[in-house]
Each structure stands twice: as structure tokens, then as C-alpha cells.
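The first sequence begins at 11 in my numbering and counts up one residue at a time.
Have a look at the structure below, then the notes.
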Amino acid sequence: MLELRWPSFTAAILRLIDGCKNMRELKQIHAQLTKSPYIPNHDAHSLITRLLSFCALSPSGSLSYATSVFGCIKNPNLYVYNILIRAYSSKIDAHDSEKGSCRSLGLYKRMVGDGISPDCLTFPFLLKECARRVDTDTGRAIHGQVVKFGFGCDIYINNSMISMYSARCSLAHSARKLFDEMLGKDVVSWNSMIMGYLRSGNLDAALDLYRRMEQRNIVTWNSIITGFAQGGRPKEALQFFHEMQSAGGGIVRPDKITIASILSACASLGALDHGKWVHTFLSRSGIECDMVIRTALIDMYGKCGAVDRALEIFRKMPNRDNLAFTAMISVFALHGFCEEASSLFEEMEKLGMKPNHVTFVALLSACAHSGLVQKGRWYFDVMKRVYSIEPQVYHYACMVDMLGRAGLFEEAERLIKNMPMEPDVFVWGALLAGCQMHGNVELGERVAKYLIDLDPLNHVFYVSLRDMYAKAGRLKDLKVIKSLMKGRQIRKEVPGHSMIEIDGIVHEFSVRGSSEVRMEELLFVLTCLGGQC
DNA sequence: AACTAGTAAC
Numbered sequence: 011m012l013e014l015r016w017p018s019f020t021a022a023i024l025r026l027i028d029g030c031k032n033m034r035e036l037k038q039i040h041a042q043l044t045k046s047p048y049i050p051n052h053d054a055h056s057l058i059t060r061l062l063s064f065c066a067l068s069p070s071g072s073l074s075y076a077t078s079v080f081g082c083i084k085n086p087n088l089y090v091y092n093i094l095i096r097a098y099s100s101k102i103d104a105h106d107s108e109k110g111s112c113r114s115l116g117l118y119k120r121m122v123g124d125g126i127s128p129d130c131l132t133f134p135f136l137l138k139e140c141a142r143r144v145d146t147d148t149g150r151a152i153h154g155q156v157v158k159f160g161f162g163c164d165i166y167i168n169n170s171m172i173s174m175y176s177a178r179c180s181l182a183h184s185a186r187k188l189f190d191e192m193l194g195k196d197v198v199s200w201n202s203m204i205m206g207y208l209r210s211g212n213l214d215a216a217l218d219l220y221r222r223m224e225q226r227n228i229v230t231w232n233s234i235i236t237g238f239a240q241g242g243r244p245k246e247a248l249q250f251f252h253e254m255q256s257a258g259g260g261i262v263r264p265d266k267i268t269i270a271s272i273l274s275a276c277a278s279l280g281a282l283d284h285g286k287w288v289h290t291f292l293s294r295s296g297i298e299c300d301m302v303i304r305t306a307l308i309d310m311y312g313k314c315g316a317v318d319r320a321l322e323i324f325r326k327m328p329n330r331d332n333l334a335f336t337a338m339i340s341v342f343a344l345h346g347f348c349e350e351a352s353s354l355f356e357e358m359e360k361l362g363m364k365p366n367h368v369t370f371v372a373l374l375s376a377c378a379h380s381g382l383v384q385k386g387r388w389y390f391d392v393m394k395r396v397y398s399i400e401p402q403v404y405h406y407a408c409m410v411d412m413l414g415r416a417g418l419f420e421e422a423e424r425l426i427k428n429m430p431m432e433p434d435v436f437v438w439g440a441l442l443a444g445c446q447m448h449g450n451v452e453l454g455e456r457v458a459k460y461l462i463d464l465d466p467l468n469h470v471f472y473v474s475l476r477d478m479y480a481k482a483g484r485l486k487d488l489k490v491i492k493s494l495m496k497g498r499q500i501r502k503e504v505p506g507h508s509m510i511e512i513d514g515i516v517h518e519f520s521v522r523g524s525s526e527v528r529m530e531e532l533l534f535v536l537t538c539l540g541g542q543c
């Protein structure tokens, strides 16, 4: 083949590069090219550019190899620069430390230094990397460059900038400013702004835009459903799902992203009937039931109490990743099946699968709820030593919870003292709960007072202290705390509530009653049941 | 060769 002459030779090599399946094949071609004397100069450039595209953009490519190929190009043009900048924006490799600054920016500076001006495609790539890294300082600098080079009216670039500002929760207002000043807004502009509000927790602002927009697409629906499901308003997420199916004559059909989000909403509601309906809908829809959806199904069935069905789906999965394992382990942990959680973890280890920080949250909380202190200590150690996972503040909270429940207050306090980070309210709250459980008023009083100082408007800590005093018969202190609560107007504002699904409708109720559940009737039934027990 | 959307825990 190397005997072939231009142009068929070059065309054949280009076809070979396009047909590459992996980096090994590509490297072989690259090696042959380097040795070949038959390539005219202007062909060499197009060949090396194609090589670069493969390494930089193909899923089986390699960013480090792309960087070295780029280094071989003598006078890279705008197209070549854009390829590598694009690769940095979306590809993540071993050298891509999440905390590092944008690598594409260095390339951009070099390009401008070479006297090459960016075009309208350069900026979306640059901004995407800033968004991914939540590096809004660099993003702002690039915003300046956009204006300087006269691209302030490009809709793609403006949309990219909205997403970039939206990546940082505190900058939703910067995104909104751009959004308001944009002339030709399209559906992506609206979606990006809505996502900015959803990320920053301002669900009502997102809802306002959603209601006002003229055309919605699948991304709009999926974003608003996901945002509400994750933002603690899963009931509304379900409503959006129904709205989606009745809107626009069913032009926009749910896809697998919709299904994954809606299952997560069902999971947090404990809405088993809804979840089952979605499962049936999924089977009939022809939507591919991929690993993500199966994991969401495991979570949904597990959180709705159908552990057997969750396990069945897990066992029938054609392939499982560490997320699927973690979801199943979490289901076991939630229901107090510590043994099952542990043996699934062992299965995971045998397969050489890497558990992550979430896996250990599940394992540690399973140990805490089962009172398996020895095992919990062991997992905490394995996490650090074997898997090099730095314990986060919520791992410490699990450990303190476990030790507190076991009454091991000295060890719990020692652990808190030696934490590498500042203990948060969950850590102290776990210790307080342990004190309350064991009637350790001396320590509990100290912790509760500290927590009240830290978060003086949170009623939970006052109530704990009050109940501890009451139980210990410390009437004088009880009086003091009660008057303190009265003086500060501390009340249990939102009573603890539960939810129940009846005939596919999710009802919320609490001891104080409910707007939806007829309490007299409920009490009557309960009284009757009580007689039978 | 461009911009927006999914699963596990807290």
C-alpha cells in the first residue's frame, strides 16, 4: 500500500484514519506516515490534522496523544487550534485535575499570540470548559474577549455564556443580565437560564420562565423535571411529567432522560404506584432500558419499600457499574440489611470494581443503624487505606452517628476533635442524637448549646435540649429553655410529615392533620384497628 | 467542527 502514489495514497490513509477503532491502530498509521517519503507537503498537513481530530475528539482517542500530535504541527491554523480547544472543553483525562484552571485558555492565548484571530466556534469551546470546571473568573475574561472580537451578538456564544455563568450558583444574576439583553433568544437560551435558576436553588424563578416561554423542547421538560426532583419538590416534578404528555399534542415524547428523572422523583416520594406505572410505560415505549435507568429503577423500588423487586432488577442487569452496586447497597442500608449490604460490597471487590465515597456512606450508615461498631470502624479504615478515599464530613457524621448510638461518647468526641475539616451541624447533630438516646445530659447540653449558637433559628436543637432536660427531671433548666424558646419565637414551624400514595395520588399528612386526608375518618379507622391489635 | 437535559448519598 505504501507504494501507492498521491492522490490515491493520501485518500486511502484518510479512510484508514477514519476507520480506526482504537489508539493502537492510529499509532501504527502515525508511525508509517512518519517513515513514509511519499507524502507531498500540503497533504501532510491534512493527514496530521485528521490524526489530531481522531485523538482529540473520538471517544476512543487520547488527549495526551492529541497534545503531542499538536506539538508536531509547525504552524497550526485556526482549525487545528479549535480542534484541541474543543477537546479540552469536553474530554477529561488523567491530567485533567478538576480544580485546575482551564487548559484551553493557555492554548487560546498562544493562538492569539501567533496572530490568529478566534472565530465564532472558538468561544463556545472555551466557555464550555469554564462551565465544566466552574471557573467563572476565566469565563468572565473570555466574555471580555468575545466583546473585543465582535461576537457579542452570536446566539451560540451568548447561550454558552449563560451556561457558563449558570454553572456557579451565585452568578445566576449575571446569566440573567445576559439573557435579558440578548436580542434573538432561542429555546436553548431559555433552557440554559432555567437550568441556571434550578442549579442555584431558585426553583420559582425557573418556574416563572418555564411558564412564560413560547416553545419548549425535550430539554426544557427534562431540565424542569430533574431540577424539581432534585430540588426537593418531587411532587411538582410528577406534575410536569403529566403536563409534558398532554402538551402540544404529544409532539415531545419522554425519553430515557425523562424516565431516569421521573423515577428519581417517584423514589423520593415513595410513590410506588407511580413508579410501577413509569416502569410499565418504559417497557411499552421502546425506550432503551440502559444501565442508568436500571439503576434508577433499583433506587425507586428500594426507596418505595420493594426491596425484592430492586434486587431482581439488579440481578438481571446485563452489566453493572459501581453506581448500580452502590444503589443496591444503599437500598439494603436503608432497610437495615447490613449483612446483605456487606456481601454485595464483597462481590463488588471481587469483581475489581471501585467503590466510591457514596458506597461508603451507605456501608457506614448500615453499620450505624445495625449497631455494628467494629465493622463500621473497619470500613472507615478500608476506605482510607485500600481505596485512598479521603473521608468527607458526611462520612464523619456517619461514624459519629454510629458511635453515639453505641454510647461510645469518648471515641466520638475524639474523632470529631481529629477531623481534618470543620465539623458541620450534621456531625454535631448526630452526637446530640446519641446523647439524647442515652440520656447523656452533660455532653448533650454542651453540644445543643453549641448548635443553638451556630444556628439560632433552627428549632430542632432547642427541642432536643428541652426534651433532655424534661427526661432528666431538670425542671429549672427546662423552664429556662422554654422561656428562651418563647422569647426567640422558636416553634416547630414545619411539622414532621409523612406521605402516602392512595390510588396513585400522593397525600401529605402530619400529626396536626392534612388538607387532603380526612382526619376524623382516619382516626376512626385507626381506633378500630387499635382494637384488633 | 458550536450552546441546554439522566441514575447512587448528603
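Beta carbons: idealized from backbone N, C-alpha and C, even for Gly.
From a predicted model like this one, the values you see are computed outputs, not experimental measurements.
Mapping DSSP to helix, strand and coil, what is V457? helix
Can you find the residues in the same chain that come closer than 6 Å, C-beta to C-beta, to L208, ignoring five residues on each side of it along the sequence? A216 and G237
Alpha carbon to alpha carbon, what distance is there between R501 and M409? Distance between the alpha carbons of M409 and R501: 30 Å.
Taking only runs that begin and end inside the segment 116–163, name each unbroken alpha helix (DSSP H) of 4 or more residues, in chain order. 132–143 and 146–158
Integer Cβ distance of L485 from F471, believed to fall under 8 Å: With a Cβ gap of about 20 Å, L485 and F471 do not count as contacting.
Return the chain-ordered list of same chain residues with a C-beta closer than 7 Å to the C-beta of L14, the five sequence neighbours on each side being excluded. Confidence at L14 is low in this model, with a pLDDT of 49, below 50, so the placement of that residue should be treated as unreliable; the coordinate-derived value is given next. A22.
Starting from the C-beta of D331, find all residues in its chain whose C-beta is less than 7 Å away, skip the five residues before and the five after it, and write them out in chain order. M301
Tell me where the alpha helix (DSSP H) around E322 begins and ends. Where E322 is concerned, the enclosing alpha helix (DSSP H) stretches over V317 to K326.
List the whole-angstrom C-beta distance separating A247 from A257, where the pair is believed to meet the contact cut-off of C-beta under 8 Å. In fact, because the Cβ distance is near 15 Å, the residues do not count as touching under 8 Å.
Which stretch, first to last residue, makes up the alpha helix (DSSP H) that contains E191? A182 to E191
Quick check: the Cα distance between S173 and S233, rounded to an integer number of angstroms? 13 Å
Simplified DSSP state of K101, which is helix, strand or coil: If DSSP states are grouped into helix, strand and coil, K101 belongs with coil.
V262 and W231 look like a contact to me (Cβ under 8 Å); what is the Cβ gap, rounded to whole Å? 6 Å
Same chain, Cβ closer than 8 Å to D475, neighbours up to 5 away in sequence not counted: It should be pointed out that residue 475 corresponds to Leu in this sequence rather than to Asp. Within the same chain, L475 has close Cβ partners G454, E455, A458, K459, I462 and I491.
Taking M478 as part of the alpha helix (DSSP H), name the residues at either end of that continuous run. M478 -> alpha helix (DSSP H) spans H469 to A482.
Supposed contact pair S111 and D145 - C-beta distance, whole angstroms, cut 8 Å: 6 Å
Roughly how many angstroms separate the alpha carbons of M223 and I204, rounded to a whole number? 10 Å
I'd like to know whether the C-beta atoms of D8 and A378 end up nearer to each other than 8 Å. As displayed, the chain neither begins before 11 nor continues past 543, which places residue 8 out of reach and without an answer.
Measure the Cβ-Cβ separation of Q446 and D477 and say whether it is below 8 Å. yes
Below 6 Å CB to CB, which residues in the same chain sit around W438 once its five sequence neighbours on both sides are set aside? V457 and L461
Nearest-angstrom Cβ-Cβ length linking M338 and L361, presumed shorter than 8 Å: Not quite, the Cβ-Cβ distance comes to about 13 Å (not below 8 Å), so this is no contact.
If you count every other CB in all the chains shown that lies within 10 Å of the CB of D309, and 16 or more means buried, which is it? buried
Contact set for F370: own chain, Cβ-Cβ below 7 Å, skip 5 residues either direction: Y389, M393, I399 and H405
Take G386 and list the residues in its own chain whose beta-carbon comes closer than 6 Å to its own, dropping the five residues that flank it on each side. If we look at G386 and ignore the five residues flanking it on each side, its Cβ neighbours are L374, C377 and M412.
Among the residues of its own chain, which have a CB less than 7 Å from the CB of Y91, if the five just before and after it don't count? Excluding sequence neighbours, Y91 sits near L117, M121 and I126.
Excluding the five sequence neighbours on either side, which residues of its own chain have a C-beta within less than 6 Å of the C-beta of A480, listed in chain order? L488
Let me know if G414 comes out buried or exposed under the rule of 16 or more other beta-carbons within 10 Å of its beta-carbon. Buried.
Residue range of the alpha helix (DSSP H) that S295 falls in? First-last of the alpha helix (DSSP H) with S295: L282 to S295.
Contact between the segment 313–330 and the segment 292–299 (3+ Cβ pairs under 8 Å): No, the segment 313–330 does not touch the segment 292–299.
By DSSP, does R221 sit in helix, in strand, or in coil? helix
Decide if N450 is buried, meaning its Cβ has at least 16 other Cβ atoms within 10 Å, or exposed. buried
What are the start and end residues of each continuous alpha helix (DSSP H) run of 4 or more residues lying completely inside the segment 413–440, in chain order? 419–427
Can you look up D53 in the DSSP assignment and give me helix, strand or coil? Helix at D53.
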